[in-house]
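Scroll down for the structure; my scribbles are underneath it.
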């Protein structure tokens, strides 16, 4: 068996790749950059974001809607 | 990932003390059920993860790792129960020793403890999928699409993708749900506003002229345009009317509106709606199981809302939030049908509750008018009825108990006589109030309209915000669903291709055109497989259990290959291929060996024949296996090991315990003679129950070996290899002498040498018997200490071509020169 273990081809995990594409797609469908930024924090920084975390991220700007 | 080199298990599960040297190579552990194989799998999992999934899975109730992982005799000493695992980490070329005790299972000692070693081990610990049991394997194959998606995504470490999807969907659903009550409130206030304006719609062209008529009376500038901040009272010197004075015109209009609502409640279409809903409720009410299910579903929905820490909100048992939510959602999914029925009823009941809510609001207005009358008119009956209406609305929304909801629907239009009398009394008293002057009426008009306009603006803003939140949440969820599904589609396509290739590899004989389809959709993963070109069906539809086991293994390997690529260096296959038929075992061994040359497989099996196949097909080397003969609670698993057996017998003889020595020799000979017959393709009288006598097996093995040596001798002579033939003759003569020494040829006739009589011998008389058998058994093996394997006939089926050991030191041709 080989002693050397090759590095994985992509440093981003599959979930992270999906999240990255998701944030790009949100821009395309017209979600505001502020909301996307909040979602990025909520999803990327938490292991398992809760309903409350996502709600807070999504609706932080709601008063100015 | 890692490779396992060595494990030392002490006082753990059914094991007292066991040391295994895996050497980083494939390794097989064989033994009948209950001989201790699973204890080793548990120990591997425990050392690497600090958990034993077998003890924490569904249905394990009060079984816990801390209490039940130690050997039963050490249950009060969890510090004695420990596993020491030596692993090799290829990526950093380091050997690491992990020592974990049950007492302190969350804090293993890792040596060397560096950032690099910790990082690799944490990664392994977080994802215990390296160990696969048949129970887990079959989950990938025959579970529902929803469960399969969860299992596969957990294996691929995509659980966060699924978790985020679930949360986004939940937030979207919740945001949508917020709109309805706000819309209802907005409609009620809009109705009151229209009443105040005295118009039928809220278009600027309708309301501005109506307002300006009143403003003109008061000599105020006309309003040209209504914006979100326009004040109808702009320019009025007194900003509000006297709050203690009843605005007579408005009050009369409010009473008229209330009476219209009371009539509306009795309208035919409302009666029809009530009948329809009542019918559905009666149906539900007649089935006690449905009612129980509804209550349970309702309870479970509430339970999810209360989960906010790392324990069950009811019994405080420690749980991870994700696992507990997943468990409750799984239970909730069983009530899908009843939930659909409930939704249909809730949809119908919504407008009925909204109408009661409107009635309640309108009575409140009349109640406030009544309170302003001089002398004040007592309005307790109105207040009491309003409270009753509020409780009715709550009951309609809760639905359960159904009998209560049915009562409300039956008496839906019922309004107590004293309430109707009170409304009439207030109306009569208001009518007695002198008519206001045109200017006062105009002032009242503007003031009340402004008040209701502000309420309307407030509720409109809240409603609009709810709509915007719902739109945003829905857009975000739909985008996520599409993005993740598209992405996963691509991944599953790769896995699907790899899976099909692996499965075809092990079924080349009959399913060489096999293909499969992994069909992802939101939160689900469909899995259909080709059945001999007749179409695609779920794996459990037509394929045999053996084929399903093969599919499970191939899907697991395809997923692990995708997940870890070249880093897939270790897997434990715990009795996963019990149903695979003999015909396909060679291919399974070949698959693991050829397609995963860098992966160390630890395989357990209860099937001795499987073990032989693994050895014969080169998946494991001759020394890389353990064969447990039995297990007992005092000593744990007991291994069949030639060296240990002879030492153990000798030890018994030294203690003059001939009975124990004889029993051990007999059991060992039963085991090894079956091995010899298997390897030499010896003929044994068939027994349907598989219970062969030692005499039958041993005589068949010796006679077959002798026959094979004769064939080899003839073959050597036919090829002109006289020297080789002479060596074989010598070997055969020596073998014959050994047979004579053991008196096996007299086995059936001479009772004195029969094993039943051994126990009656003295140690000195029995020792030669032991030595004779030891020498005889050795004669079936290769003499090379590194090999020491049983000399076997090849191939396993068909015409015999040669006899050889694993290292080929013994390699004798059986074919004659033609």
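Chains as they are written, first to last, in this note's numbering: chain B, 1 to 65; chain L, 1 to 818. We put the beta carbon where it would ideally sit given N, CA and C, even for glycine.
Simplified DSSP state of residue 11 of chain L, which is helix, strand or coil: On the second chain, position 11 is the one that residue 11 of chain L refers to. Residue 11 of chain L: strand per DSSP, three-state reduction.
Strictly below 8 Å CB to CB, what residues from chain B border residue 570 of chain L? Taking the first residue of the second chain as 1, we reach residue 570 of chain L at position 570. Annotation: residue 570 of chain L has no Cβ neighbours in chain B at a cutoff of 8 Å; minimum Cβ distance is about 10 Å.
With DSSP run on the structure shown, which of helix, strand or coil describes residue 628 of chain L? For this step, residue 628 of chain L is matched to residue 628 along the second chain. Residue 628 of chain L: strand per DSSP, three-state reduction.
Within 10 Å of its beta-carbon, does residue 39 of chain L have 16 or more other beta-carbons around it, so buried, or fewer, so exposed? As a working note, residue 39 of chain L is residue 39 in the second chain. Classification for residue 39 of chain L: buried.
Any idea if residue 652 of chain L is buried or exposed, counting beta-carbon neighbours within 10 angstroms, 16 or more meaning buried? Position 652 of the second chain, counting from 1, holds the residue named residue 652 of chain L. Using a 10 angstroms sphere on the CB of residue 652 of chain L, the tally of other CB atoms reaches 16 or more, which defines it as buried.
Count the other C-beta atoms from every protein chain shown that fall within 10 angstroms of the C-beta of residue 738 of chain L, then say buried if there are 16 or more, exposed otherwise. Taking the second chain and counting its residues from 1, the one referred to as residue 738 of chain L is at position 738. If you draw a 10 Å sphere on the C-beta of residue 738 of chain L, you find 16 or more other C-beta atoms in it, and that means buried.
Segment limits, alpha helix (DSSP H) that includes residue 438 of chain L: As a first step, residue 438 of chain L must be located in the second chain, where it is residue number 438. Counting along the chain, the unbroken alpha helix (DSSP H) around residue 438 of chain L starts and ends at 438 to 506.
Would DSSP call residue 38 of chain B helix, strand or coil? Locating residue 38 of chain B in the first chain gives position 38, counting from the first residue. Note: residue 38 of chain B maps to helix in three-state DSSP.
For residue 254 of chain L, does the count of other Cβ atoms within 10 angstroms reach 16, so buried, or fall short, so exposed? Start at 1 with the first residue of the second chain, and residue 254 of chain L comes out as number 254. Here residue 254 of chain L is buried. Its C-beta has 16 or more other C-beta atoms within 10 Å.
Just to confirm before moving on: does the CB-CB distance between residue 459 of chain L and residue 186 of chain L stay below 8 Å? For the purposes of this step, residue 459 of chain L is taken as the residue at position 459 of the second chain. For the purposes of this step, residue 186 of chain L is taken as the residue at position 186 of the second chain. The answer is yes: Cβ separation under 8 Å.
Does residue 17 of chain B come within less than 8 Å of chain L when only Cβ atoms are used? Within the first chain, numbered from 1, the residue matching residue 17 of chain B stands at position 17. Yes, contact with chain L.
Where does residue 809 of chain L sit, in a helix, a strand or coil, going by DSSP? Residue mapping note: residue 809 of chain L aligns to position 809 of the second chain, counting from 1. Per DSSP, reduced to three states, the secondary structure at residue 809 of chain L is coil, with no helix or strand assignment.
Confirm, please, whether the CB-CB distance from residue 548 of chain L to residue 7 of chain L is below 8 Å. Position 7 of the second chain, counted from the start, is the residue given in the question as residue 7 of chain L. Position 548 of the second chain, counted from the start, is the residue given in the question as residue 548 of chain L. Cβ distance not < 8 Å, so residue 7 of chain L and residue 548 of chain L don't count as in contact.
For a test of the three-state rule: what should DSSP assign to residue 537 of chain L, helix, strand or coil? Within the second chain, the letter at position 537 stands for residue 537 of chain L. In this structure, DSSP gives residue 537 of chain L an extended state, which the three-state scheme calls strand.
Residue from L:761, L:695, L:723, L:728 with nearest C-alpha to residue 743 of chain L: If you number the second chain from 1, residue 743 of chain L lands on position 743. Cα-wise, what sits closest to residue 743 of chain L is L:695.
Between the stretch 714 to 721 of chain L and the stretch 611 to 623 of chain L, do three or more beta carbon pairs fall short of 8 Å? Per the Cβ contact rule, the stretch 714 to 721 of chain L is not in contact with the stretch 611 to 623 of chain L (fewer than 3 Cβ pairs under 8 Å).
Rounded C-alpha distance that separates residue 751 of chain L from residue 701 of chain L: Within the second chain, the letter at position 751 stands for residue 751 of chain L. Within the second chain, the letter at position 701 stands for residue 701 of chain L. Residue placement at residue 751 of chain L is flagged as unreliable, the pLDDT there being 43, under the threshold of 50; a coordinate-derived value is accordingly withheld.
Could you tell me whether any Cβ in chain B is nearer than 8 Å to the Cβ of residue 507 of chain L? What you label residue 507 of chain L is simply residue 507 of the second chain in a count that begins at 1. For residue 507 of chain L, the answer is no, since every Cβ of chain B falls outside 8 Å of its Cβ.
Rounded distance between the beta-carbons of residue 572 of chain L and residue 44 of chain L, thought under 8 Å: Reading the second chain from its first residue, position 44 is the one you call residue 44 of chain L. Reading the second chain from its first residue, position 572 is the one you call residue 572 of chain L. Indeed, because the Cβ distance is near 6 Å, the residues count as touching under 8 Å.
Which of helix, strand or coil does DSSP assign to residue 54 of chain B? Taking the first residue of the first chain as position 1, residue 54 of chain B is located at position 54. If DSSP states are grouped into helix, strand and coil, residue 54 of chain B belongs with the helices.
What are the start and end residues of the beta strand (DSSP E) that includes residue 100 of chain L? Numbered from 1 along the second chain, position 100 holds the residue referred to as residue 100 of chain L. 94 to 101 is the span of the beta strand (DSSP E), which, as asked, contains residue 100 of chain L.
Examine chain L for any beta-carbon lying closer than 8 Å to the beta-carbon of residue 54 of chain B, and answer yes or no. Mapped onto the first chain, residue 54 of chain B falls at position 54. Cβ-Cβ to chain L under 8 Å: yes for residue 54 of chain B.
Our contact map puts residue 570 of chain L next to residue 130 of chain L with C-beta atoms below 8 Å; I'd like the distance itself, whole angstroms only. Here residue 570 of chain L refers to the residue found at position 570 when the second chain is read from its first residue. Here residue 130 of chain L refers to the residue found at position 130 when the second chain is read from its first residue. Here residue 570 of chain L really is in contact with residue 130 of chain L; their C-beta atoms are around 5 Å apart, less than 8 Å.
CA-to-CA distance, residue 636 of chain L to residue 119 of chain L, given in whole angstroms: Taking the first residue of the second chain as 1, we reach residue 119 of chain L at position 119. Taking the first residue of the second chain as 1, we reach residue 636 of chain L at position 636. Cα-Cα distance, rounded: 34 Å.
Please check the pair residue 447 of chain L and residue 191 of chain L, which I expect to be a contact at CB under 8 Å, by giving their CB distance rounded to whole angstroms. Residue 447 of chain L sits at position 447 when you count from the first residue of the second chain. Residue 191 of chain L sits at position 191 when you count from the first residue of the second chain. Actually they do not touch by this definition, with Cβ atoms about 19 Å apart.
What residues from chain B crowd round residue 491 of chain L, counting only those whose CB sits closer than 9 Å? Position 491 of the second chain holds residue 491 of chain L. Listed along the chain, the chain B residues whose CB falls inside 9 Å of the CB of residue 491 of chain L are 14.
With 8 Å as the threshold, decide whether the Cβ of residue 808 of chain L is near any Cβ in chain B. Position 808 of the second chain, counted from the first residue, corresponds to residue 808 of chain L. The beta carbon of residue 808 of chain L sits no closer than 8 Å to any beta carbon of chain B.
What would DSSP say about residue 428 of chain L, mapped onto helix, strand or coil? As a first step, residue 428 of chain L is located in the second chain; it is residue number 428 there, counting from the start. Note: residue 428 of chain L maps to helix in three-state DSSP.
Reduced DSSP secondary structure (H/G/I, E/B, other) of residue 573 of chain L: Position 573 of the second chain, counting from 1, holds the residue named residue 573 of chain L. Assignment of residue 573 of chain L by DSSP, reduced to helix, strand and coil, places it in the strand class.
Counting contacts by CB-CB distance shorter than 8 Å, is residue 49 of chain B in contact with chain L? The sequence position of residue 49 of chain B within the first chain is 49, counting from 1. Taking Cβ atoms only, chain L reaches closer than 8 Å to residue 49 of chain B, which makes this a yes.
Could you name the residues of the same chain whose beta carbon sits closer than 6 Å to that of residue 139 of chain L, not counting the 5 residues immediately before and after it, in chain order? In the second chain, residue 139 of chain L corresponds to position 139, counting from 1. Same-chain partners within the cutoff: 151.
Residue 479 of chain L: contacting residues in chain B (beta-carbon distance under 7 Å): The sequence position of residue 479 of chain L within the second chain is 479, counting from 1. Residues of chain B passing the Cβ test: 22, 25, 26, 29.
Run down chain B in chain order and give the residues with a C-beta less than 7 Å from the C-beta of residue 158 of chain L. Translated into positions along the second chain, residue 158 of chain L becomes position 158. Correct list: 14, 15.
Enclosing beta strand (DSSP E) for residue 516 of chain L [first to last residue]: Reading the second chain from its first residue, position 516 is the one you call residue 516 of chain L. Note, residue 516 of chain L: beta strand (DSSP E), 516 to 521.
Give the interface partners of residue 43 of chain B over in chain L, defined as CB-CB distance under 8 Å, in chain order. Position 43 of the first chain holds residue 43 of chain B. When 8 Å is used as the limit between beta carbons, residue 43 of chain B is near these residues of chain L: 164, in chain order.
Under three-state DSSP, which class holds residue 88 of chain L? Start at 1 with the first residue of the second chain, and residue 88 of chain L comes out as number 88. In the structure shown, the three-state DSSP call for residue 88 of chain L is strand.
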